[in-house]
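A short worksheet on the structure shown next.
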Amino acid sequence: MAALREIVVDCENAPGLARFWAAVLDGYDVLPYDDAEIERLAGLGFTPETDPTVGVGGPGPTLFFQQVPEPKSVKNRVHLDVEAPDRAAEVDRLVALGASVHSVHDRWTVLLDPEGNEFCVSQPG
């Protein structure tokens, strides 16, 4: 039987979107770069700030952001749902981080991350 290891998100700016999602999710952070990885990136002409593939790790599956040349063009086929005890306060916090409100419903709010990917915020229950 398979186990979920990573959720991969195509994006335009992997470091920026990874930092956004690390700030969204409790217990998550951009995965650290060791000296060998920094050296490997430098050999390719990149730094951690320009890395086209960035991981965000935490208590659940790793989120992996990879830059692709084509822009997002349609609604996501898969999106993330996050839960917070105070939905309104969490929506305000996420908007301050760079999200935008797409639509508000009775039990959840649909937001767009800085690159336009849909995700939902709901309260427990």
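With the UniProt record's numbering, letter number 77 in the sequence shown gets 77, and the count goes up by one each step, no holes.
Positions of the beta carbon are idealized from the N, C-alpha and C atoms, including for glycine.
Between which residues of its own chain and residue i is the CB-CB distance below 8 Å, once the five residues before and five after are set aside?
{"i": "Arg-107", "result": "Ser-122, Gln-123"}
{"i": "Phe-83", "result": "Sequence inspection shows Glu at residue 83; the Phe mentioned does not correspond to that position. Excluding residues within five positions, the ones whose Cβ falls inside 8 Å are Val-121, Ser-122, Gln-123, Pro-124."}
{"i": "Glu-118", "result": "Lys-75, Asn-76, His-79, His-102, Val-110, Leu-111, Leu-112"}
{"i": "Pro-52", "result": "Ala-14, Phe-46, Gln-66, Gln-67"}
Buried or exposed: residue i, going by 16 or more other Cβ atoms within 10 Å of its Cβ?
{"i": "Asp-81", "result": "exposed"}
{"i": "Gly-55", "result": "buried"}
{"i": "Asp-26", "result": "exposed"}
{"i": "Leu-111", "result": "buried"}
{"i": "Thr-47", "result": "exposed"}
{"i": "Ala-3", "result": "exposed"}
{"i": "Ala-14", "result": "buried"}
{"i": "residue 134", "result": "Since the first and last residues shown for the chain are 1 and 125, residue 134 lies out of range."}
{"i": "Val-104", "result": "exposed"}
{"i": "Val-8", "result": "exposed"}
{"i": "Ala-42", "result": "exposed"}
Short of 7 Å in beta carbon distance, which residues of its chain neighbour residue i, apart from the five on each side in sequence? Order them along the chain.
{"i": "Pro-71", "result": "Glu-12"}
{"i": "Val-101", "result": "Val-91, Val-95, Thr-109, Leu-111"}
{"i": "Gly-98", "result": "Phe-20, Pro-114"}
Keeping to the same chain, check which residues put their C-beta closer than 6 Å to that of residue i; ignore five residues upstream and five downstream.
{"i": "Gly-57", "result": "Leu-31"}
{"i": "Asp-29", "result": "Ala-22"}
Hey, residue i and residue j: beta-carbon distance below 8 Å or not?
{"i": "Thr-50", "j": "Arg-5", "result": "no"}
Exercise for the section: Evaluate the contact criterion for the stretch 83–95 versus the stretch 51–69: three or more CB pairs, one atom per stretch, below 8 Å. Expected result: no
Handout entry: the stretch 83–90 in contact with the stretch 7–23 per 3-pair CB rule at 8 Å
Key = no
Exercise for the section: Specify whether the stretch 29–44 and the stretch 71–78 touch according to this definition: at least 3 beta carbon pairs, one from each stretch, less than 8 Å apart. Expected result: no
Practice task
Within the stretch 64–125, note down every full alpha helix (DSSP H) run reaching 4 residues or more, in order along the chain.
Solution key: 87–97
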